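What follows is a set of notes on a single structure, which appears directly below.
Protein chains: 2
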Amino acid sequence: MAELTGEKDTGTASGNKPKGGLREVARLAGVSVTTASHALNGVGRVGADTRARVLAVAEEIGYRANPSARGLRRARTGLLGITHRTAIEGGITDIEYFVKIVNAATWTALSHGYSLVLVPPSLDGRPFDDLPLDGTIVIDPLTGDPLLTRLSQMGVPVVTTGRDLERRDEFSWVDNELSTCAIAALDHLESTGARRIALLTGSTGQSYDQDAKAAYLAWTKERGLPQITAEAAPGTDAAQAARELLDCAERPDALYVVLEKFGFAAAGVCRQLGLRIPEDVQVVVGADGEFARQADPRLTALDLHPEEIGREAAELLIRTVEKKVVGVERRLVAARLLERGSTRGA
Amino acid sequence: MAELTGEKDTGTASGNKPKGGLREVARLAGVSVTTASHALNGVGRVGADTRARVLAVAEEIGYRANPSARGLRRARTGLLGITHRTAIEGGITDIEYFVKIVNAATWTALSHGYSLVLVPPSLDGRPFDDLPLDGTIVIDPLTGDPLLTRLSQMGVPVVTTGRDLERRDEFSWVDNELSTCAIAALDHLESTGARRIALLTGSTGQSYDQDAKAAYLAWTKERGLPQITAEAAPGTDAAQAARELLDCAERPDALYVVLEKFGFAAAGVCRQLGLRIPEDVQVVVGADGEFARQADPRLTALDLHPEEIGREAAELLIRTVEKKVVGVERRLVAARLLERGSTRGA
DNA sequence: CCTCGTTGCCAATACGTTTTGGCACACACC
DNA sequence: GGTGTGTGCCAAAACGTATTGGCAACGAGG
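Going down the list, the protein sequences come from chains V and D. Under the working numbering, the first residue of the first sequence carries the number 1, and numbering increases by one thereafter. Under the working numbering, the first residue of the second sequence carries the number 1001, and numbering increases by one thereafter.
This is the structure in structure tokens:
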């Protein structure tokens, strides 16, 4: 009982609760608040020793600028959004790729003094009306994405991950360099003996499908190999599409599946049809994840380095918000092929 | 060209950018800022017609209180955190259960004027030092969780989802009512003929494992059925644990697996051992998700209603932050059994 | 007529920071 | 000694809201 009241103010000096504000720092350092502010923000004219003293005091008492006050003054909230586009309202977004991007972006935002809020997927972007964001990351925008239009009208800076195919020059983006990475996967299949390689993509109009398809068409054309493609709508017909691809006279001897879950479904279809992986059909999926790792056999996959994508996107967005970059900027991230049991070793 | 400059200020009145602040609302309604503020927040003494007029004006010009200013004045940031506990630093968190909780909590926070930031998993909770949070949700805390200790010291209000088994009375929580729901699953197995039911749990010291185990032990004891249990550490030995359970003389005829992914792994082991599901071994998993739905056959699972959990947790946290609830409060959420192909129909 | 309680409203202040527009001093150059 | 050019620092004014402590008007009760 007595212990409780006694505990309350213990450790005030070293505690995590910011006690005094900037004023206190200034007082302890023997300068004005103006100078303290200047020293901490690295602006204005402050003597080197004075600055050092202020910084020392701030460190000492664990000073953190009150984000609300700072936001008020700077006309900024310190809040960044991140959202994933889905063709289905409220659709599942438990993709590992997505989660890893978010985590990386959160860390990056944090280290720059921003907070990242995860905006729930919604086709029209309603949630954005009530969020006071300084800027936002949009993962895998649709083609001609209405959300981007809306954000643009609202004047919210945007960085996309993947591109809106109709407006590739309007927004800054960070993207996978599929044009070369997809080819690495195809080369791998070819080098292990595949000659009839089929492509299975999604049909939601997101850029990764298109990129993979373009790479596939160019690559097969160059080699005079047959072009066998199929599309699966989001939902359950991935297995259906895979079955049509595999259950025919001139069966492919390899499958390049853009989405991880589709690849997983395709592997199930192979089993049902009595096709062995990788002996009868080799399988490569375009994004790594838990499904690819847990499948039997494990699926050879592209590691798209989502952490790097998230980090780059957040950094680009922050630079944009802070007006350190004027127009649009782009950044490509390379992927790496993880060879596993669904393809024959080279 | 001319069009561009013209477009810039179109729709100022109905636009999303807040034009004037509270002052503007007051001016248009012909009252003071004080009265406007009172009317909008439902406090103070304001005549009914005056209040209506203020609200109308605010609606009209699309007024939103500046969150920084409000935060500054109210000594609050409007930011809530949500984080998932993991025994492994930087561990994967792409569990559907988790994502659904986060989405629901985000919507709820939004509707109360808060923003939710997804705090990356980290054993020691470092990220929390740099986040100005009004409160936080901790999903599946560990036993004696150091993060909870730290948050408690920092004075950050906490609501957990699942419980810290060593401190069940110290924090408010929302939890699955496993004590009855696990039994529903066991009843189902029994009613379909199972007599040797084994339990496979995780070993990370999170409350759901313990709850499921307690329910299992009580239930089997009551019926005089054999008690066959195994634990799998986080990582890859779920298959190993399942194999030891299944590859023995007195083989179980049913498996209750607490974690979805472990159940998936166990199904793989069955296939390797030539055991048919559900003819030779029935399988129930304790949480639904994409793995359970995509497995072959699909796994009977408990739908834990993560949306409801997320919503309740957020509401409880907000009520706590706003001092509308004083001590701790608890809430149980029921689950529902989804019968699928891995168990025999009743 | 005076007092008292109630109702409806408002002026002024506080929240903690950043930024503007200086002031004072020092040094150098004619 | 004047004039110019930096340098180091500061007082005061924002930013937009919520809240405190009123003031005036009104009707009721003495």
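Beta carbons: idealized from backbone N, C-alpha and C, even for Gly. Owing to the predicted nature of the structure, the values given are computational and were not obtained by experimental measurement.
Whole-Å CB distance - V:R331 paired with V:V174, under 8 Å assumed: The sequence position of residue 331 of chain V within the first sequence is 331, counting from 1. The sequence position of residue 174 of chain V within the first sequence is 174, counting from 1. Confirmed, about 5 Å.
For V:L337 and V:H188, believed in contact at Cβ under 8 Å, the rounded distance: Here residue 188 of chain V refers to the residue found at position 188 of the first sequence. Here residue 337 of chain V refers to the residue found at position 337 of the first sequence. Yes, they are in contact, since the Cβ atoms of V:H188 and V:L337 sit about 6 Å apart, within 8 Å.
Coil, strand or helix - D:A1218 by DSSP: Residue 1218 of chain D sits at position 218 when you count from the first residue of the second sequence. In the structure shown, D:A1218 sits in a helix (DSSP, three-state: H, G or I).
Contact under 8 Å by Cβ, V:P226 with V:R251: Along the first sequence, read from residue 1 onward, the residue named residue 226 of chain V stands at position 226. Along the first sequence, read from residue 1 onward, the residue named residue 251 of chain V stands at position 251. It is not a contact, given that the beta carbons lie outside the stated cut-off.
Interfacial residues, the stretch 107 to 122 of chain V to chain D, with Cβ spacing under 7 Å: W107, L110, S115, L116, V117, L118, P120
Within chain V, partners of D:V1077 - CB distance below 8 Å: Taking the second sequence and counting its residues from 1, the one referred to as residue 1077 of chain D is at position 77. One detail in the question is off: residue 1077 of chain D reads as Thr in this sequence, not Val. Near D:T1077 (Cβ distances below 8 Å), the residues of chain V are P67, S68.
Segment limits, beta strand (DSSP E) that includes D:Y1256: Taking the second sequence and counting its residues from 1, the one referred to as residue 1256 of chain D is at position 256. Segment 1254 to 1257, the beta strand (DSSP E) holding D:Y1256.
Any chain D beta carbon closer than 8 Å to V:D130: On the first sequence, residue 130 of chain V is found 130 positions in, with the first residue counted as 1. So, interface residue.
Residue from D:M1154, D:V1159, D:I1095 whose Cα sits closest to the Cα of D:T1320: Residue mapping note: residue 1320 of chain D aligns to position 320 of the second sequence, counting from 1. Closest by alpha carbon: D:V1159.
Min CB distance V:L255 to chain D below 8 Å: Numbered from 1 along the first sequence, position 255 holds the residue referred to as residue 255 of chain V. No, V:L255 lies away from the interface with chain D (no Cβ there is under 8 Å from its Cβ).
Beta carbon of D:G1079 nearer than 8 Å to that of D:P1132: Counted from its first residue, the second sequence places residue 1079 of chain D at position 79. Counted from its first residue, the second sequence places residue 1132 of chain D at position 132. Residue identity differs from the one stated: residue 1079 of chain D is Leu in this sequence, not Gly. Taking 8 Å as the Cβ cut-off, D:L1079 and D:P1132 qualify as a contacting pair.
contact_flag[the stretch 208 to 219 of chain V, the stretch 238 to 246 of chain V] where n(CB pairs < 8 Å) is 3 or more: no
CB-CB length for D:V1156 against D:T1136, believed under 8 Å: Position 156 of the second sequence, counting from 1, holds the residue named residue 1156 of chain D. Position 136 of the second sequence, counting from 1, holds the residue named residue 1136 of chain D. D:V1156 to D:T1136, Cβ: 6 Å. Contact.
Local Cβ density within 10 Å of D:V1043, reported as buried at 16 or more and exposed below that: The residue given as residue 1043 of chain D occupies position 43 in the second sequence. Classification of D:V1043: exposed, given that the 10 Å Cβ count is below 16.
Own chain partners of V:Q206 with C-beta closer than 8 Å, once the 5 adjacent residues on each side are dropped: The sequence position of residue 206 of chain V within the first sequence is 206, counting from 1. The residues are R85, D140, P141, L142, T143, G162.
Element boundaries [beta strand (DSSP E), containing V:H84]: Along the first sequence, one-based indexing puts residue 84 of chain V at 84. Here the beta strand (DSSP E) through V:H84 covers 79 to 84.
Secondary structure of V:N41, DSSP reduced to three states: Residue mapping note: residue 41 of chain V aligns to position 41 of the first sequence, counting from 1. If DSSP states are grouped into helix, strand and coil, V:N41 belongs with the helices.
For V:S115, the first and last residue of its enclosing beta strand (DSSP E): Within the first sequence, numbered from 1, the residue matching residue 115 of chain V stands at position 115. Element bounds for V:S115: 115 to 119.
Beta carbon of D:V1198 nearer than 8 Å to that of D:L1255: In the second sequence, residue 1198 of chain D corresponds to position 198, counting from 1. In the second sequence, residue 1255 of chain D corresponds to position 255, counting from 1. The identity of residue 1198 of chain D in the sequence shown is Ala, whereas the question assumes Val. For D:A1198 and D:L1255, yes; Cβs fall inside 8 Å.
Of the residues D:V1269, D:L1259, D:V1102, the one placed nearest V:P297, counting alpha carbons only: Within the first sequence, residue 297 of chain V is the residue found at index 297, counting from 1. The shortest Cα separation from V:P297 among D:V1269, D:L1259, D:V1102 belongs to D:V1269.
Through-space distance from V:G345 to V:P278, alpha-carbon basis: Along the first sequence, read from residue 1 onward, the residue named residue 278 of chain V stands at position 278. Along the first sequence, read from residue 1 onward, the residue named residue 345 of chain V stands at position 345. Whole-angstrom Cα-Cα distance: 10 Å.
Reduced DSSP secondary structure (H/G/I, E/B, other) of D:R1319: Your numbering for residue 1319 of chain D matches position 319 in the second sequence. It is helical.
Residues bridged to D:D1175 [DSSP beta-bridge criterion]: Looking up residue 1175 of chain D in the second sequence gives position 175. Looking at the DSSP assignment, D:D1175 forms a beta bridge with D:L1332.
Proximity test, Cβ basis, 8 Å: D:V1102 and chain V: Translated into the one-based positions of the second sequence, residue 1102 of chain D becomes position 102. Yes, because at least one Cβ of chain V sits closer than 8 Å to the Cβ of D:V1102.
Same chain, Cβ closer than 6 Å to V:T106, five either side skipped, listed in chain order: Within the first sequence, numbered from 1, the residue matching residue 106 of chain V stands at position 106. L116, listed in sequence order.
Environment of V:V284 [buried if 16+ CB atoms lie within 10 Å]: If you number the first sequence from 1, residue 284 of chain V lands on position 284. By the neighbour-count rule (16 or more Cβ atoms within 10 Å), V:V284 is buried.
Simplified DSSP assignment, three categories, for D:G1135: One-based indexing of the second sequence puts residue 1135 of chain D at position 135. Strand.
Chain D within 8 Å of V:L294, Cβ atoms only: For this step, residue 294 of chain V is matched to residue 294 along the first sequence. Just to set this straight, residue 294 of chain V is Gln in the shown sequence, not Leu. It does: the Cβ of V:Q294 has a partner Cβ on chain D nearer than 8 Å.
Nearest candidate by alpha-carbon position, reference D:D1049, set D:S1037, D:S1068, D:A1065, D:A1029: Reading the second sequence from its first residue, position 49 is the one you call residue 1049 of chain D. Answer by Cα proximity: D:A1029.
Under the three-state DSSP convention, the category V:E231 falls into: For the purposes of this step, residue 231 of chain V is identified with residue 231 of the first sequence, where counting begins at 1. If DSSP states are grouped into helix, strand and coil, V:E231 belongs with the strands.
Listed by chain order, chain V residues near D:P1127 by CB distance under 7 Å: Along the second sequence, one-based indexing puts residue 1127 of chain D at 127. Within 7 Å Cβ-Cβ: L110.
C-beta atoms of D:A1301 and D:D1253 nearer than 8 Å: Within the second sequence, numbered from 1, the residue matching residue 1301 of chain D stands at position 301. Within the second sequence, numbered from 1, the residue matching residue 1253 of chain D stands at position 253. For D:A1301 and D:D1253, no; Cβs fall outside 8 Å.
Candidates V:P120, V:P121, V:A109: closest to D:P1120 by CA position: Locating residue 1120 of chain D in the second sequence gives position 120, counting from the first residue. Here the closest residue by C-alpha is V:A109.
Check whether D:L1148 and D:D1164 have beta carbons under 8 Å apart: Start at 1 with the first residue of the second sequence, and residue 1148 of chain D comes out as number 148. Start at 1 with the first residue of the second sequence, and residue 1164 of chain D comes out as number 164. Yes; because the gap between Cβ atoms is below 8 Å, this pair is in contact.
The beta strand (DSSP E) enclosing D:G1202, as first and last residue numbers: Residue 1202 of chain D sits at position 202 when you count from the first residue of the second sequence. Segment 1197 to 1202, the beta strand (DSSP E) holding D:G1202.
Burial state of V:D209, where buried means 16 or more other Cβ atoms lie within 10 Å: Residue 209 of chain V sits at position 209 when you count from the first residue of the first sequence. Per the 10 Å Cβ criterion, buried.
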